[in-house]
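Chemist: Take a look at the following structure, please.
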Amino acid sequence: MSNTQHICAALASLGWNTEELVSHGTATKVYATAVGPKEAHVYLRFARDQLTARLSGDYWSEGRNALSTCTQAITLEQVEALIDAVKSFSSNVDRIVAGTYAMRLVRRTAG
């Protein structure tokens, strides 16, 4: 498997739609919020040396990108480390999205 395929598989196992990851470098995940479904986007960029990559994302809430500071460097030399980095990034995205206003409203109305 290529590094991109490993990243795709890891993201897909965490609920991300990776159909466009290979062709466009993007993946999406839909979150059910109080204002309806909202998408988070992940962007995969490889360094020129092809030894590292970076994941970043966007999720718009309250007029700002809640994921503006959420990035993850990925070392591509070891598959296990690559998968751990993807899992860490996705976990951070889930945590940040859960803290947005529309998601807090979901918890408030469910409780």
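For the sequence shown, our numbering begins at 1063 and goes up steadily by one.
Just so it is clear, CB atoms sit at the ideal spot from N, CA and C, and this is done for glycine as well.
Quantities reported herein were computed from a predicted structural model and do not represent experimental measurements.
1) What is the DSSP secondary structure of E1101, counted as helix, strand or coil?
2) For D1120, I'd like the list of residues in its chain whose CB is within less than 6 Å of its CB, leaving aside the five on either flank, ordered along the chain.
3) Just reading off the beta strand (DSSP E) that Q1140 is part of, what are its end residues?
4) Helix, strand or coil for S1152 per DSSP?
5) Determine, using beta carbons only, whether A1089 and T1095 come nearer to each other than 7 Å.
6) Taking 7 Å as the threshold (beta carbon to beta carbon), is H1068 in contact with chain D?
7) Considering only DSSP beta bridges, list what Q1134 is partnered with.
8) Report the option in G1098, A1071, L1106, G1077 whose CA atom is closest to the CA atom of H1086.
Modeler: According to the data block:
1) strand
2) H1103, N1127, L1129
3) Unbroken run through Q1140: none, as it is neither H nor E.
4) Three-state result, S1152: helix.
5) no
6) Absent from the structure is chain D; it holds one protein chain and no more.
7) By DSSP's assignment, Q1134 forms a beta bridge with L1117.
8) L1106
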